[in-house]
Structure formats: structure tokens, C-alpha cells
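Just so we're aligned, residue 345 is where the sequence shown starts under our numbering, counting upward by one.
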Amino acid sequence: MEKNSTDWRPHVLMMSEITADGKLTLKKGASSKILMKYMAPETEVLLHSTRAELDAIMVGSNTIKIDNSFLTVRKVKGKNPLRVIPNSRADIPLDSNVLKPDAPTLIAVSEKAPKEKVAAIRERGASVEIAGREAVDLPVLMRLLRQKYGVRRMMVEGGPTLNWYMLRDRLVDEIRLIHLPFIVGGADTPSLVGGMHIEHEEEMIRLTLKRFYLCGSNLVTEYDVLYTGASNGIS
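This is the structure:
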């Protein structure tokens, strides 16, 4: 899986369940766990076995606030990955499940994060790293994960905002989608990738399909991400 990795950051797999119309939830502000209930048992095992194979798993702080995810390995035997949460203002709820001691957690904050909030997170046992001035700088965080924490392979189970920034900064190498046979609709219902609208087809992020298969009753598709032009990453 690391054939396209660079030496300064982890190799990144973006993995998500989506409906037939590309939605992540029933409506804006709703938990993705509602739709995840409809994944086949075999697909749940695939998700957890993937977590167990990787060194870290990252989600955005808004996803934590809505879903209160554990991000641990439960359906298979295996080691829990490092949980990585970009949270610029260190305002993650202190009762979040990711701050429990069942797995290691790293909260990435900016220089603007209030010191008392950073201290409160550390009191819960999580590590805190500054990775940006006004907001978390994802390339800086990726370098930190690789060089300080030894993260070679990481999964992103993000919402549309984190997914957009990771793709915009050319930090995603692979995408694995679990397709749920539902149509949700809704103009403002979160989809796989949010962010700014593109103006020209040259701005589209291109993928190449490398594998597709049924996992239980769910179609799973796997893609490599193709970036054209000069890289935006740091070296």
C-alpha cells in the first residue's frame, strides 16, 4: 500500500461509507452512525480490520462533536491505532470518547488555542501538539506524525471539511468507499467532500479505479488519487 508514499508524511487512505447519491448522513448535523447501522456485518469487519492494520486514524473535531466516536478496533483482534484529531482551538468536549484511555490520542491545535484548554486535554491523558498558527496546518501535522510519532500509514474517516482539506493539500493517496443502497437527497446534506466550489474541470481531483468487490451486501470501491502539476506538500 505504500508504493506512492513520500518520505516526509504518512501514506493516507481515506475510507468512508456513502449513499448512492454520495451522502454521509441523513441531514446536516446528523450523526453518520445512523447510516452506518445499515452496513453489512462483513463490511463492519472490513472497517475495523483496516483500522487494525494502520498506525493512526484521523477525523475532524466536528465529527467528534456530532458522532462522539471511539475510533478503536472492536470487531476484530488487533491494536488500536493512534487517534488524531485536528482541533485548532482545543475546544473538543472533555467527555469525548476519544479522550478515554482505551487508545492513544493526539489532539493537534494551533498557536491560538487557549492554554487552559490545552492543559485540560492533557489532564485527560491525550497528547497535544501545536501544528499551525491560526489553524491546524495539515501538511505540518502530517510531517509531525511521520517524524515524531512514526506514523507510516494512516486512515482518514473524516467529514466533508477534513476530506476537502486533505485532498486540497494533496495528502490522500487512496480512497476506499463503502456504498450503501439508499438515496438521501438534500441540497445541504453533507457529502463525501465539501469545501470550495471549483470553477474549471482542470481543478477536478482525478481518481483511478483499481478494485471493486462485494463485501457482504455492500459494494466497495477502491481508488488511487491522481494529482497533476506540482505538489503543494512540504518537503
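Even glycine gets a Cβ: it sits at the ideal position worked out from N, Cα and C.
Given a cut-off of 8 Å on the beta-carbon distance, is the pair residue i and residue j in contact?
i       : j       : result
Asn-507 : Met-358 : yes
Arg-353 : Leu-515 : yes
Leu-553 : Ile-362 : no
Glu-518 : Val-569 : yes
Met-380 : Val-500 : no
Ser-360 : Leu-368 : yes
Leu-482 : Tyr-509 : yes
His-523 : Ala-364 : yes
Lys-419 : Val-389 : yes
Gly-404 : Gly-503 : yes
Leu-426 : Leu-391 : no
Give the DSSP-derived three-state secondary structure of residue i in the structure shown.
i       : result
Ser-349 : Residue placement at Ser-349 cannot be trusted, given a pLDDT of 48 that sits under 50; the coordinates are not used to answer.
Ala-574 : Note on Ala-574: pLDDT 47, under 50, position unreliable in the model; the coordinate value appears next. Three-state result, Ala-574: coil.
Ser-535 : strand
Ala-464 : helix
His-355 : strand
Asn-424 : coil
His-392 : helix
Between residue i and residue j, how many whole angstroms is the CB-CB distance? I'm expecting something under 8 Å.
i       : j       : result
Lys-377 : Thr-533 : Rounded, the Cβ-Cβ distance is 15 Å, inconsistent with contact.
Ser-472 : Val-484 : In the sequence on display, residue 472 carries Val and not Ser. That pair is no contact at about 14 Å.
Asn-441 : Ser-413 : 6 Å
Leu-489 : Met-498 : 7 Å
Please identify the residue among the options whose C-alpha is closest to the C-alpha of residue i.
i       : options                            : result
Arg-468 : Leu-443, Arg-487, Lys-419          : Leu-443
Leu-415 : His-541, Tyr-557, Pro-445          : Pro-445
Lys-423 : Asp-399, Tyr-571, Leu-391          : Asp-399
Gly-538 : Gly-476, Thr-387, Leu-511, Lys-419 : Leu-511
Leu-563 : Leu-450, Val-356, Pro-385          : Pro-385
Ile-465 : Leu-438, Met-548, Met-540          : Leu-438
Pro-448 : Ile-542, Ile-474, Tyr-493          : Tyr-493
Arg-477 : Met-540, Pro-525, Pro-458          : Pro-458
Arg-555 : Ile-527, Asp-513, Arg-520, Ala-531 : Arg-520
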